[in-house]
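*Asks:*
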Amino acid sequence: MCVKKIVACMFFFATSLLIAAQSVYTIYPVPHSQQLLGTRASFTKVVNVVADASIDNVTVARIKELLASKGLSVRLGKEAKNSLSNVFLGVAHSNGVANKIAKKWHITPDVIDKKGKFDKHLLYLTSQKGRANVLILGENTDATFYGIASLEQILDNGTQNLACVKIDDYADIQYRGVIEGYYGVPYTAETTKDLFRFMARYKMNSYMYGAKSDPYHSQKWEEPYPDSITSEQKAIGYLSAPMLRDITKTAHNNKVNFIWAIHPGSAFTQNKDNNVIGRIMNKFEKMYQLGVRQFGIFVDDIGVPLDSISLSLNAKRLTEAQQAVEAMWNKAYKSAADTVKPINFVPQLYAYSWFNDTVRHNFFKALSHTPKQVVVYITGAKIWSVPNSHDLSVVSKSFGRSLAWWWNYPCNDNDMSKLFISDTYTNFADERWIDNNARLEATLNGASALISNPMQQGTASKIALFGLGDYAWNHKGFDNEKSYRAALCAVVGKQRAKAFCHVSKYLRYYDDNPLKDLIAAYKKDGKTTALKAEMELLINECNTFEMMKRSANEPDSLLYADIKPWIEKVSDMAFLIHEMLTAIDAKREGKPFAAFYKNKLLSLAADLDDNGKYKFSILDGMGDDIKLSRISAEPSQKVMRPFITFLAKQLQGE
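If you want this note's numbering, it's the 1-based position in the sequence shown plus 71.
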């Protein structure tokens, strides 16, 4: 059975490559349209980049970085060079060189005019006497940036003899990304910045920061971030002003909207003249100086206002906040880099099933009078709901416009000992708060944003985040299994993807096959060969991931730090099973087996659930009362762990 499972994994990867070939290129999120042009082209060693005036410096820096990473030299020009490969970057319907090239090549950018879609762009890779030439036209410079993300994945195939292609692409949802809003240890600055780079590659554009344990987000919301923090404060996730400045700079360089959110608590709807908007704006000004260009206001988990006066005041204060932002930063003379995007608002009633229809209607009807650009979030009918059109429709009937979805997935703050690193639907089954039978809809209507509230393990959360980004970009193109396999390649690397596909079955709390069937066979015939082979394979694969600990590649070392307690425990459990089976075989065959070694195995088995080696830090408390505590990782609790207890009894002769 184990062999069958591994063969199935190998078959899946092989068929994935075949399917990708039929789609011209393997690109994620899945593009809406790829058209093979029938010719092939190669890049010259020097590439001439022509960027129109409408293309910002971040996008120009991105193309330069990409081409250099592929071993190509870059020159910036103002016109095409016939002796070189050219990359033309522009904004559609402008008067730049890129649009003139589009006309010359008889390309009509129809995708740009598509209604109700976002970040629309086309990418055209063609051959001029065998030399590769690329045109990327976006509806704006951000959309052109996402076209470069597709080019990056094309160039992962090399720079020579590339199939020429036309890609028309766009996002189904406008804002896609992450909400750091779980209860737990906030991400380190290194983890956050690594997530930004990951998001840029896979076309995600929003990162809302609202760490529940950050006192300067909530309890000390009026106070500025300190210029320095202690090592103890850093350990529990505090950020200093310089750290935040560095984070926002990295976000801007990756076209990620870093949305710093404030939680003023009950002050937001106090029915008295408390100047709360002025106080909020004072803090926003301090954050603006640190590079923040978008803000959020959270009033979740403080009680839901029910009377008409409080509801009106809630909407009035939100309106005043947006108006204050417009007045302070969004004057016509301001450059795009200095303006501030709309406020993101997490209301008191974010899970609408908490109250009856009348209360829900009155609440969101009041909010409907706020400025149209304000982005308002819900989690659906329940806190852990999977995004669906029905829930969006229920609320939008009162609210009158699209809503953003705060998706508590793959959040593990209610299941801290578990990792959710499987495919989307397996994760649904493993997360006890989520409807296990839920499925993502082929058409999700009424969502302006889809952002993931992830696990405390930020780098490991990339696997689920990859799937969210894929789905948010192209609903109909999302295929759960294919997206998961692609996520493994993106997060753990192609060389390790197959091994992780196998190991991940054991990193789950609810482990099942292949081990379940192998154990059943062993209990039936007493043969240990297949079981021991599976354990040997598992130990070797775990060793592969333990090598990531010392990797010079930061994403690898960050990932290992996240999964270390689970990997080490699975590896040790596999070792225990292997050695116990060896001892049982020896006992059955009348061969000698050292008593001290048997006792050591039994001692290790008894210590599994309380061994400090498998423990990791979590946070207890809020604000100034925060402290670190330790809990144990719990992989393979349904099959593997009970089997160790079973073998221990066999070894003891019970």
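By construction, the Cβ of each residue, glycine as well, lies at the ideal position given by its N, Cα and C atoms.
If you're wondering where the values come from, they're calculated on a predicted model, not measured in any experiment.
Grab me the residues of Lys720's own chain with a C-beta within less than 8 Å of its C-beta, minus the 5 sequence neighbours each way, in chain order.
*Replies:* Result list for Lys720: empty, nothing under 8 Å.
*Asks:* Once DSSP output is grouped into helix, strand and coil, what is the label at Ser277?
*Replies:* Reduced to three states, the DSSP call for Ser277 is strand.
*Asks:* Tell me the DSSP secondary structure of Tyr668 in three-state form.
*Replies:* Looking at Tyr668 - three-state DSSP - the assignment turns out to be helix.
*Asks:* Return the residue from the list Gln290, Asp285, Gly308 and Gln360 that minimises the CA-CA distance to Arg316.
*Replies:* Checking every option, the nearest Cα to that of Arg316 belongs to Gln360.
*Asks:* Taking 8 Å as the cut-off, does the segment 664 to 680 touch the segment 612 to 624 (at least 3 CB pairs, one atom from each stretch)?
*Replies:* Verdict: no, contact absent.
*Asks:* Near Phe329, what residues of its chain come up, given a Cβ to Cβ distance below 6 Å and the 5 sequence neighbours on each side ignored?
*Replies:* So the list reads Tyr278, Thr319 and Ala322, once near-sequence residues are dropped.
*Asks:* Measuring alpha carbon to alpha carbon, tell me which of Val466, Glu512 and Lys658 ends up nearest Trp544.
*Replies:* Comparing Cα positions, the closest option is Glu512.
*Asks:* In terms of residue numbering, what span does the beta strand (DSSP E) encompassing Lys237 cover?
*Replies:* Here the beta strand (DSSP E) through Lys237 covers Leu233 to Ala242.
*Asks:* Classify Gly597: buried if its beta carbon has 16 or more other beta carbons within 10 angstroms, exposed otherwise.
*Replies:* Looking at its Cβ environment, which holds fewer than 16 other Cβ atoms inside 10 Å, Gly597 is exposed.
*Asks:* Only counting the same chain, and skipping five residues up and downstream in sequence, which positions put a Cβ closer than 6 Å to that of Ala386?
*Replies:* The residues are Ala437, Leu438, His440 and Thr441.
*Asks:* State the Cα-Cα distance for the pair Gln93 and His192, rounded to the nearest angstrom.
*Replies:* For Gln93, the pLDDT reaches just 43, beneath the cut-off of 50, and the residue's location in the model is therefore unreliable, although a value from the coordinates is still provided. Cα to Cα, Gln93 sits roughly 22 Å from His192.
*Asks:* Tell me the DSSP secondary structure of Thr450 in three-state form.
*Replies:* Three-state result, Thr450: coil.
*Asks:* Can you give me the Cβ contacts of Gly374 inside the same chain, cut-off strictly under 6 Å, excluding the 5 residues immediately before and after it?
*Replies:* Closer than 6 Å at the Cβ level, and outside the excluded window around Gly374, lies no residue.
*Asks:* Taking the straight line between their C-alpha atoms, what separation do you get for Ser113 and Gly538?
*Replies:* If you take the alpha carbons of Ser113 and Gly538, they lie about 32 Å apart.
*Asks:* Is the Cβ-Cβ distance between Ala657 and Phe664 less than 7 Å?
*Replies:* In this structure, Phe664 lies closer than 7 Å to Ala657 by Cβ.
*Asks:* Just the C-alpha distance for Asp486 and Arg510, rounded to the nearest angstrom, thanks.
*Replies:* Spanning the two alpha carbons is a distance of roughly 21 Å.
*Asks:* Just to confirm the assignment: which complete beta strand (DSSP E) runs, minimum length 3, are found wholly within the segment 351 to 399?
*Replies:* Entirely contained in the segment 351 to 399, the beta strand (DSSP E) runs reaching 3 residues are, in chain order, 365 to 369.
*Asks:* First and last residue of the beta strand (DSSP E) that includes Tyr195?
*Replies:* It spans Phe189 to Gln199 - the beta strand (DSSP E) in which Tyr195 sits, taken as one unbroken run.
*Asks:* Measuring straight from C-alpha to C-alpha, what distance separates Lys237 and His103?
*Replies:* Rounded to whole angstroms, Lys237 to His103 spans 11 Å at the Cα level.
*Asks:* How far does the beta strand (DSSP E) with Ile333 in it reach, from first residue to last?
*Replies:* Taken as a continuous stretch (DSSP letters only), the beta strand (DSSP E) holding Ile333 covers Asn328 to Ile333.
*Asks:* In whole angstroms, give me the CA-to-CA distance for Ala654 and Lys640.
*Replies:* Distance between the alpha carbons of Ala654 and Lys640: 21 Å.
*Asks:* Once you ignore the five residues that flank Ser703 on each side, which residues in its own chain have a CB closer than 6 Å to its CB?
*Replies:* Correct list, in chain order: Tyr685 and Lys686.
*Asks:* When you compare each of Glu136, Ala124, Leu233 and Ala407 to Gly109 by their alpha carbons, which one comes out closest?
*Replies:* Measuring from the Cα of Gly109, the nearest candidate turns out to be Leu233.
*Asks:* Just tell me which of Tyr241, Asn228, Ala271 and Thr230 has its CA closest to the CA of Val727.
*Replies:* The structure shown has nothing for residue 727, since the chain only spans 72 to 725.
*Asks:* Is the CB-CB distance between Trp455 and Asn483 below 7 Å?
*Replies:* Contact flag unset, no.
*Asks:* Could you give the distance in angstroms between the alpha-carbon of Glu502 and the alpha-carbon of Phe491?
*Replies:* C-alpha separation (whole angstroms): 8 Å.
*Asks:* Would DSSP call Arg712 helix, strand or coil?
*Replies:* Arg712: helix per DSSP, three-state reduction.
*Asks:* Does the Cβ-Cβ distance between Phe416 and Val447 come in under 7 Å?
*Replies:* Result yes, Cβ atoms of Phe416 and Val447 sit closer than 7 Å.
*Asks:* Indicate whether the contact test is met: 3 or more Cβ pairs, each with one atom in the segment 200 to 217 and one in the segment 126 to 146, closer than 8 Å.
*Replies:* With a cut-off of 8 Å, the segment 126 to 146 and the segment 200 to 217 count as touching, because enough Cβ pairs lie within range.
*Asks:* Short check: CB of Cys613 to CB of Ser575, under 7 Å?
*Replies:* No, the Cβ-Cβ distance between Cys613 and Ser575 is not below 7 Å.
*Asks:* Please check the pair Leu630 and Val562, which I expect to be a contact at CB under 8 Å, by giving their CB distance rounded to whole angstroms.
*Replies:* Confirmed, about 7 Å.
*Asks:* Give me the residue from Leu718, Cys572 and Val430 with the minimum Cα distance to Tyr593.
*Replies:* When only C-alpha atoms are compared, the closest one is Leu718.
*Asks:* Would Ser125 and Ser165 qualify as a contact pair, given that the criterion is a beta-carbon distance under 7 Å?
*Replies:* Yes, the pair counts as a contact, with Cβ atoms nearer than the cut-off.
*Asks:* DSSP on Leu718, reduced to helix/strand/coil?
*Replies:* Three-state DSSP puts Leu718 in a helix.
*Asks:* How far does the alpha helix (DSSP H) with Lys533 in it extend, from its first residue to its last?
*Replies:* That run of the alpha helix (DSSP H) goes Lys533 to Trp544.
*Asks:* With distances taken Cα to Cα, identify the nearest neighbour of Arg146 among Ala173, Ala163, Lys116 and Ile172.
*Replies:* Comparing Cα-Cα distances from Arg146 to each of Ala173, Ala163, Lys116 and Ile172, the minimum goes to Lys116.
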